[in-house]
Structure formats: structure tokens, C-alpha cells
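Asker: The listed protein sequences derive, respectively, from chains A and B. Going by this note's numbering, the first sequence wraps up at 264, each residue one higher than the last. Going by this note's numbering, the second sequence wraps up at 536, each residue one higher than the last. Got a structure for you, questions after.
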Amino acid sequence: MTRTKRRAGRRHPLATVALLALGLVFTGGAYAALSTGTVAQAEIDPNSQQTIEEGKKLFQANCATCHGLEAQGTANGPSLIGVGAASVDFQVGTGRMPMQMQGPQAQQKPVQFTDDQVKQLAYYVASLGPGPDIPADHLVNGGGDAANGAELFRINCAMCHNVAGAGGALTEGKFAPPLTDVSGVHIYEAMVTGPQNMPVFNDLNITPEDKRDVITYLKYLQDNRSPGGFELGSLGPVAEGLFIWIFGLGAIVAITVWITAKSN
Amino acid sequence: MSTATTRSTTPAKRSFTAGASEYINDRTGIAVAIKGLGRKAFPDHWSFLLGEVALFSFIVVLISGTFLTFFFQASMAEVHYDGSYVPLKGVEMSVAMASTLDISFDIRGGLFVRQMHHWAALLFVAAIGLHMLRVFFTGAFRKPREINWVFGFILFILAMAEGFTGYSLPDDLLSGNGLRIIDGMIKGIPLIGTWTSFLLFGGEFPGTAIVGRLYTLHILLLPALVVALIAVHVGYVFIHKHTQFAGPGREPTNSVGPPILPIYAAKAGGFMFLIWGVISLIAALFTINPIWNYGPYDPSPVSAGTQPDWYIGFADGALRLIPPGWEFVWLDRTWSFNILVPLVAIGIFIGLVVAYPFIEAWIKGDKREHHIADRPRNAPTRTAIGAAGVTFYAGLWAAAASDLLATHFSLTMEGVIHALQATVIVGPFIAYFITKRVCLALQKKDREIVLHGYESGRIVKLPGGEFIEVHQPLDEYERWRLVSYESYQPLMIRPNARGKITLGQRVRASFSRWFFEDRIAPVSKGELESGHDGHH
């Protein structure tokens with residue numbers, strides 16, 4: 001840093017760098033302060049006319065091509081009347097909608113809207129007909145019983161998503177995605193709305209508390225690395241077999257070559 | 001090759017070593033053994049060490065397994081888990097599962113040893129597989145080693161059985177699913193299937209007996225057989241002496257390489273510790289079989305990506321490749337050809353593997369001993385058959401991972417299955433023809449090099465204006481390696497003593513034609529001389 005005491009202060013070779021750094025800090029700080037300010041002030045009200053109007057505009061601009069101007073559905077996309085806010089929050093909030101292209105199933109991609117816009121869209125669709133709502137925070141924050149959740153997960157989810165949530169294959173190019181970095185809200189919403197090829201797990205099937213436990217277990221897996229070391233993708237014996245052949249036996253063959261190299 | 005001999009002189013002042021040696025020798029007569037075995041020479045080639053890799057990893061399996069038996073309880077009695085792994089707390093499970101979790105989480109070093117045991121077991125079978133391929137492709141199974149090939153083959157089967165019984169012991173979801181598939185395969189066998197399954201499981205699957213029974217097999221019967229057969233197998237290596245690749249001074253009657261004592265033993269000892277080091281490193285760094293994820297066995301759930309350990313994968317893959325609809329009811333019985341066809345196909349395949357040395361010997365009509373290992377290219381048909389077998393096995397093996405191939409390469413499951421079905425059926429033929437042609441081409445290249453030397457890259461302009469590349473002649477050592485191999489000719493059909501041509505002879509002759517019709521003879525002395533003089 002330059003110091004005013006030093007005579008050559010303004011002419012110091014690092015002066016430009018210091019000035020740039022200072023400028024960046026101010027701009028960045030101001031930007032951060034302002035942007036947190038906007039988030040804090042705009043808490044989306046699910047029932048306000050303004051939210052629904054905004055959502056409708058977004059919907060007609062981005063979704064209506066396939067789902068119809070009134071979300072009634074077209075040949076290219078299903079009706080969204082009655083799918084609920086949870087469904088929109090999941091599909092749009094994970095980047096699956098708007099869909100990139102028709103295929104075996106909607107692929108995840110970077111999320112196209114801000115959180116506020118996602119909520120506006122969700123509440124607009126919710127206003128068209130009753131459906132599952134975005135879950136309350138206490139259901140998705142991972143404060144439940146992991147052991148119960150693990151058992152439920154193995155019985156209900158692991159056949160597609162793998163016991164460790166590493167994902168798995170379905171027919172015709174469809175697949176169950178990995179759950180290793182999915183948020184609690186999205187996991188809950190997926191269970192109640194059954195996106196893509198997933199079945200719906202309604203509240204009679206798995207109660208909200210049980211859903212909370214499932215999320216607790218998945219959060220446990222996300223937060224705790226395997227006690228045995230690197231997981232190799234948690235894919236099971238195939239990954240282990242490939243590893244021992246390529247790296248284990250590979251290393252050992254390299255050693256055999258090294259050991260016998262001299263005398264040849 | 002050091003050839004120092006131990007002299008039995010009595011120095012004025014005897015060292016401690018000499019005294020101790022004499023003490024031991026007077027009581028055990030071990031000098032005879034050391035003299036006999038210690039002077040045996042071991043040819044040096046990296047691929048000759050693969051069997052040792054199997055041996056050394058088996059030692060790791062044995063020692064780590066002994067540790068695990070101190071804590072593992074092979075009981076299927078139900079308990080509520082009360083160990084330190086939170087997501088299983090209070091879950092009902094068998095004592096076997098609970099004790100495996102205790103080994104993993106509550107016994108000091110337990111998880112490390114468990115992972116070491118499992119990784120070493122995978123390495124054990126993998127090393128056996130690679131060792132078998134080496135023996136096959138170098139023809140090291142020929143007389144007098146055919147019987148030892150059979151012993152080695154039995155060891156391979158026993159190793160797989162050891163692996164599978166071990167995989168089934170923790171009574172977690174994965175092992176239970178594996179057992180269920182075995183149960184299904186057994187039940188698919190007509191007439192005896194259901195009875196056999198009930199006999200094995202002590203009633204309807206899964207019952208409460210299977211873990212205890214498998215445990216007895218896993219720690220008592222199978223290891224005893226493996227240890228005994230390893231002794232026989234290695235014993236025969238000493239009796240037959242090791243094969244060696246052709247080279248100057250290497251005769252069928254000798255064995256060129258460092259003697260066991262002291263050089264080879266020291267090397268092998270160091271090698272053993274290196275392998276143990278590799279296994280320890282892998283066990284310390286990489287999770288294997290995280291039973292805490294799988295949870296206790298319950299017949300209803302199956303996880304996506306449920307596979308057996310790699311060495312059983314080919315059987316699982318064979319089941320996956322069968323098209324739908326091969327199970328039907330006939331004569332009031334269910335006929336499960338979806339299970340019988342893979343069983344028979346695998347049976348034929350491994351039958352051919354174990355019988356191959358005898359088949360090849362019969363086709364060749366060769367009763368001589370062979371101690372010089374073939375270079376794979378110099379036995380084109382055998383190498384091609386091997387490549388076909390490897391392709392067949394690899395197709396089945398890959399099929400066991402069909403679901404993961406689909407997800408990780410963004411393919412459809414059906415597409416993967418159909419591609420692998422084609423690979424298993426057509427692939428071996430393609431592999432056969434390509435490999436045979438490659439072998440013959442390599443032999444031709446060898447001939448070319450022997451006759452004309454290798455290209456030196458030096459271009460010379462002749463006085464007439466012509467440019468030629470100078471070919472450098474081979475040195476004699478290198479040439480020896482390239483010309484000394486046996487070249488068989490197809491058998492002629494000849495009438496036997498009673499003047500008849502038997503059917504057996506015709507069959508043998510046609511097989512022999514198949515084997516040796518396309519052949520590149522090694523460069524003879526005459527060719528070599530004329531080749532050098534003529535410069536054609």
C-alpha cells in the first residue's frame with residue numbers, strides 16, 4: 001500500500017494497483033449493500049394481486065408457448081391448472097423449466113429466473129387452481145430423524161436414486177438424478193409433485209414429518225463425507241471394480257515393470 | 001547370475017551367524033532344502049510376477065480376515081442397532097450387520113482393516129485373472145504344466161467363491177440382493193432347483209441360517225482349500241521350473257535368471273511389501289462397500305446400481321443380456337430359459353477355459369515338453385482365440401454395469417443392452433479375425449526386420465542418383481529373440497496301423513488346418529544367409 005508519509009506516494013509503482021483495489025472495494029461493497037437491501041425489502045406476498053400479475057406476465061412471456069396463454073396446456077405441454085406452487089418452484093427453481101428441448105426428460109440447466117421471479121410464477125400458477133404449496137421451512141431444514149428417513153429412503157427412493165442418492169438409470173434414456181446437491185425445499189417439492197418420471201408421494205403415503213426425515217437423511221449424506229475415505233461416486237461395486245483394475249492393478253503392474261527393469 | 005556356493009569350512013573363530021546356522025541345520029537338515037531351492041533360477045520378466053501379486057494380496061486377505069473374525073458375529077438374530085452411526089440408530093437388523101457396523105465405527109482400526117480385506121480381495125481375484133491371461137497368451141500351460149493350469153483354474157473359482165461368500169456376510173442390503181439373485185438362479189434349475197434352494201437356505205429365502213453357513217465356508221473350508229492349492233500350485237512351479245522367453249543361452253533344459261537366494265528372495269520380499277503398501281494406501285483413502293449406506297437387508301428394497309463385486313459381474317451381465325419372454329410354462333412347470341441359457345453359456349465358457357491346454361495339445365498332436373514361453377504373435381490362432389474369449393467375457397462384464405453406462409454416457413438403457421448383446425455374440429468373431437491378422441502382420445514384420453534389419457532413418461544418395469534408406473542389421477541377441485519360435489504345420493491325414501483313417505483323425509486334421517493354415521515360418525539359417533548376401 002502507498003503511504004502519504006512517503007514523499008513518492010502518488011508516484012509509487014504500486015499506486016495504480018492500490019487505487020484500483022480501493023475502487024473495487026467501494027463499488028463491490030456498495031453493490032452488496034444495495035442488492036441485500038432489495039432482497040430484504042421485497043418479500044413476495046403469495047396472495048397479492050401484484051405478485052400474480054407479475055407472475056402472469058412472466059408466464060406469458062416464457063412459458064405460454066408450450067403451456068398455453070392461460071396455462072391450459074397445448075399439444076407440446078401439459079395444463080398447469082392445479083399443479084400448485086410447489087411444482088413450479090421445483091421445475092423452474094432447479095432450471096428444468098423453461099425446457100431446453102423435448103427429450104426423454106427435462107434436463108437441468110442454469111436457473112433462468114431470480115428467486116423472486118420464480119416465486120411470482122409459482123403463485124400465479126397456484127392462483128389458477130389449488131395444488132401443493134411450497135413447504136414451510138421447518139419441514140425442509142433437516143431437523144428430523146435421520147434413521148427413520150434413511151429407512152424410508154431405502155424403501156421408497158433407493159431403487160431409482162441409489163441408496164446413497166447417487167442417481168440411477170430408468171428406461172428409454174430417462175434417469176433418476178443424483179440427490180447429492182439438491183436443496184431440502186426442492187426434495188420436498190419433488191416428493192409432493194412427482195416431476196418427470198417420479199411418482200407422487202402424497203401426505204397419506206409419506207407424512208410431512210416422514211418427508212422431513214427423508215430430507216434429514218439426505219442432508220446428513222450431503223454434510224458428512226464417507227467415513228471410509230473417497231466415495232468413488234457412491235456407485236457401488238462397479239466403481240470399486242474399475243478402481244482396483246485401473247489404479248490398483250495398474251500401480252502394481254507399474255511396480256512389476258520397475259522391479260524387473262534392470263536385468264533386461 | 002551369482003553362483004557362489006556355501007563352503008563348509010570351519011574358521012578358527014566362528015561368527016554368531018555360522019553358529020546359529022549350524023545349530024538349525026543340525027536339527028532340521030534345512031541346508032539340503034536351501035541348497036536345492038535356493039539355487040533355482042527365476043527368469044525375470046514383469047509378467048512373471050503377477051502370480052506373486054495374487055499370492056501377496058491373499059496373505060493380506062488372510063491376515064486382515066483373521067482380525068475381522070475376532071469381532072464379526074455370524075448370526076441372523078434380530079437386534080436394534082445401538083452404535084455410533086446416527087442414520088442407523090435404533091434400526092432393526094441382524095447381529096451380523098450390527099457387528100459389521102461395530103467393526104466399521106466402534107472398533108479401533110476396524111474400518112481400515114475391513115476396507116483392506118475387501119480391497120485386497122478384489123486385487124487377489126484381479127491379479128489371478130491377469131496372471132491367467134499371461135499364462136494363456138504365452139502358452140505357459142503346455143506340457144508339463146497342463147495340470148497346474150487346472151489347479152490355477154480351480155484357485156480362480158475358489159477365489160470367486162471366497163469373494164462371493166464374503167460379500168454376502170454383512171447381511172446388508174447389497175449382500176442380501178446378491179443372495180436373492182443366486183437364490184433365483186438356483187430356483188431356475190429344473191427339478192432340483194427349489195429343493196436345492198431350500199437346502200442351502202434352510203427353508204424359504206432368506207431364512208435365518210444362510211449367514212452362519214456362508215461364514216463357515218468363508219473362513220474354514222474355502223481358505224483351507226485355497227491355501228492347500230496354492231501350496232500345490234507353487235510347488236509345481238518349482239518342480240517344472242518357470243518358463244522363460246526365448247533368448248541366447250536360454251534352453252528348454254535350463255532357466256536363466258537370478259537365483260532365489262539371495263537375489264530373487266530379496267526382490268520378492270521387497271515386492272511383497274510394496275504390494276502391501278499399495279493395498280494399505282487404497283484401503284486408507286478409498287471407501288469400499290459402505291454398508292452403512294445400504295442398511296440392513298430387507299427383501300423389499302433394491303438400490304439402483306446394485307451390482308456384485310467385479311469378478312461375479314460377468315454372470316450378472318449374462319442375466320441382464322437375456323431378452324424378455326424366455327420364461328414360459330410347459331407341462332405345468334415354469335421353464336426359466338432366461339436363467340438356464342446364461343448358466344449353460346457360462347458353464348461352457350469356463351469349461352473351455354479349463355480344458356483349453358488339453359484341446360490345443362490334442363489338435364497339435366504334440367507330446368513334447370515346452371519350457372520356452374511363446375510370444376503371443378507367434379501363436380496367432382491361440383492368441384486370436386484368447387482375444388475372442390476376452391471379448392466375450394468383457395461384453396458380459398460390461399453388461400453388469402449397463403445401468404451406469406447408460407447414465408454416465410447419456411445413453412438409453414435399451415441401447416446399451418442391445419449393443420452389448422451384439423458385442424457378446426458378434427464381438428468374439430471380430431476380435432478373433434482382427435487379432436489373428438495383427439499377429440500374422442507382426443510376424444511378417446519380424447521376418448522383415450530379421451532379413452533386412454531395421455530402418456535406420458539414414459538416407460543415402462547413390463552415385464547413380466538413386467536414394468536408398470540404409471537398413472541397420474540386428475545384433476545377434478535381438479535376432480535370436482525374433483527367430484526362435486516353433487512353427488507348426490497342419491497335420492497330414494495318415495492311415496493308422498490298420499490302414500484306416502478314423503473320424504477322430506479327420507476332425508483333428510481339420511482343427512489343425514484351422515490352427516496352422518495361415519502361418520509365418522521363422523527365418524531359417526539359409527534364408528538369413530541368402531538374405532544378407534542377396535540384398536533383394
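Positions of the beta carbon are idealized from the N, C-alpha and C atoms, including for glycine. All values reported here derive from a predicted model rather than from experimental measurement.
Find the residues of chain B that neighbour Glu-231 of chain A, judging by a C-beta separation of less than 7 Å, and give them in chain order.
Answerer: For Glu-231 of chain A, the residues of chain B that pass the 7 Å Cβ criterion are Thr-287, in the order they occur in the chain.
Asker: What does Leu-68 of chain B touch in chain A if you count any residue whose Cβ is under 9 Å from its own?
Answerer: In chain order: nothing, as chain A lies at least about 15 Å away.
Asker: Leaving out five residues before and five after Ile-107 of chain B in sequence, what residues of the same chain have Cβ atoms less than 6 Å from its Cβ?
Answerer: Phe-71
Asker: If we ignore side chains and look at the alpha-carbon of each, how far apart do Leu-179 of chain B and Phe-151 of chain B end up?
Answerer: So the two alpha carbons sit approximately 27 Å from each other.
Asker: Assign Thr-334 of chain B to one of two classes, buried (16 or more other C-beta atoms within 10 Å of its C-beta) or exposed (fewer than that).
Answerer: That one is exposed.
Asker: Excluding the 5 residues flanking Trp-326 of chain B on each side, which residues of the same chain have their C-beta closer than 6 Å to its C-beta?
Answerer: Phe-337, Asn-338
Asker: How would you write the range of the beta strand (DSSP E) that Lys-537 of chain B sits in, first residue to last?
Answerer: One cannot answer for residue 537 of chain B here, as it falls past the ends of chain B, which runs 1 to 536.
Asker: How long is the line joining the alpha carbons of Phe-175 of chain A and Pro-104 of chain A, rounded to whole angstroms?
Answerer: Looking at the backbone, the Cα of Phe-175 of chain A and that of Pro-104 of chain A are separated by about 9 Å.
Asker: Rounded to whole angstroms, what's the CA-CA distance from Leu-169 of chain B to Ser-94 of chain B? Just pull it up for me.
Answerer: Near 11 Å, if we compare the C-alpha coordinates of Ser-94 of chain B and Leu-169 of chain B.
Asker: How far does the alpha helix (DSSP H) with His-186 of chain A in it reach, from first residue to last?
Answerer: 184-193
Asker: Checking contacts by CB at 7 Å: is Gly-534 of chain B closer than that to chain A?
Answerer: For Gly-534 of chain B, the predicted structure reports a pLDDT of 44, less than 50, and the residue's modelled location is therefore unreliable. A value from the coordinates is still provided. Not closer than 7 Å to any Cβ of chain A, the Cβ of Gly-534 of chain B fails to qualify, so no.
Asker: What residues in the segment 76-94 of chain B have a beta carbon less than 7 Å from any beta carbon of chain A?
Answerer: Answer in chain order: Val-86, Pro-87, Leu-88, Lys-89, Gly-90, Val-91.
Asker: Going by C-alpha to C-alpha distance, which of B:Val-460, B:Val-450, B:Tyr-477 sits closest to Gly-526 of chain B?
Answerer: B:Val-450
Asker: Helix, strand or coil for Val-211 of chain B, going by three-state DSSP, please let me know.
Answerer: Looking at Val-211 of chain B - three-state DSSP - the assignment turns out to be helix.
Asker: Can a CB atom of chain A be found closer than 7 Å to the CB of Phe-271 of chain B?
Answerer: Between Phe-271 of chain B and chain A, the shortest Cβ-Cβ separation is below 7 Å.
Asker: Buried or exposed for Thr-27 of chain A, please, with buried defined as at least 16 other CB atoms from any protein chain shown within 10 angstroms of its CB.
Answerer: exposed
Asker: Rounded to whole angstroms, what's the CA-CA distance from Gly-109 of chain B to Ala-441 of chain B? Just pull it up for me.
Answerer: One C-alpha to the other measures close to 55 Å.
Asker: Classify Lys-461 of chain B as helix, strand or coil using the three-state DSSP reduction.
Answerer: Lys-461 of chain B: strand per DSSP, three-state reduction.
Asker: So is Leu-122 of chain B in contact with chain A if we call contact Cβ pairs under 7 Å?
Answerer: Yes, contact with chain A.
Asker: Going by beta-carbon coordinates alone, are Glu-189 of chain A and Asp-89 of chain A separated by less than 7 Å?
Answerer: yes
Asker: Assuming Gly-163 of chain B and Tyr-311 of chain B make a contact with CB atoms under 8 Å, what is their CB distance in whole Å?
Answerer: 6 Å
Asker: Compute the Euclidean distance between the alpha carbons of Ser-484 of chain B and Arg-458 of chain B, then round it to the nearest angstrom.
Answerer: 29 Å
Asker: Touching or not, the segment 305-322 of chain B and the segment 391-400 of chain B, by the rule of three or more beta carbon pairs under 8 Å?
Answerer: yes
Asker: Going straight from the alpha carbon of Ile-417 of chain B to that of Gly-241 of chain A, what length do you get?
Answerer: Between the C-alpha atoms of Ile-417 of chain B and Gly-241 of chain A there is a straight-line separation of about 20 Å.
Asker: Whole angstroms is fine: what's the gap from Thr-194 of chain B's alpha carbon to Gly-188 of chain B's?
Answerer: 8 Å
Asker: Just checking, does the segment 126-139 of chain B make contact with the segment 51-63 of chain B on the three C-beta pairs under 8 Å criterion?
Answerer: Judged by Cβ distances under 8 Å, the segment 126-139 of chain B makes contact with the segment 51-63 of chain B, as three or more pairs qualify.
Asker: Quick check on the DSSP output: what are the complete alpha helix (DSSP H) runs of length 4 or more inside the segment 118-183 of chain B, in order along the chain?
Answerer: 146-168
Asker: Is Ser-48 of chain A buried or exposed, if buried means 16 or more other CB atoms sit within 10 Å of its CB?
Answerer: Exposed, by the Cβ-count rule.
Asker: Alpha carbons only, please: which of B:Met-76, B:Ser-197, B:Val-86 is nearest the one belonging to Ser-99 of chain B?
Answerer: Ranking B:Met-76, B:Ser-197, B:Val-86 by Cα distance to Ser-99 of chain B puts B:Met-76 first.
Asker: Indicate the three-state DSSP secondary structure (helix, strand or coil) for Ser-402 of chain B in the structure shown.
Answerer: helix
Asker: Does the segment 244-259 of chain B come into contact with the segment 22-42 of chain B, if we say contact requires no fewer than three beta-carbon pairs (one atom in each stretch) closer than 8 Å?
Answerer: yes
Asker: Do Thr-65 of chain A and His-186 of chain A count as a contact pair if the criterion is CB distance below 7 Å?
Answerer: no
Asker: For chain B, check one thing: does any of its Cβ atoms lie closer than 7 Å to the Cβ of Ala-140 of chain A?
Answerer: This sequence places Val at residue 140 of chain A; Ala is not what is there. It does not; no Cβ of chain B falls within 7 Å.
Asker: List the endpoints of the continuous beta strand (DSSP E) containing Trp-330 of chain B.
Answerer: 327-330
Asker: Give me the chain B residues within the contact set of Asn-274 of chain A, using Cβ-Cβ distance strictly less than 7 Å, ordered along the chain.
Answerer: In the structure displayed, chain A extends from 1 to 264; residue 274 of chain A sits before or after that span and is not available.
Asker: Are the CB atoms of Ala-147 of chain A and Lys-89 of chain B nearer to each other than 7 Å?
Answerer: yes
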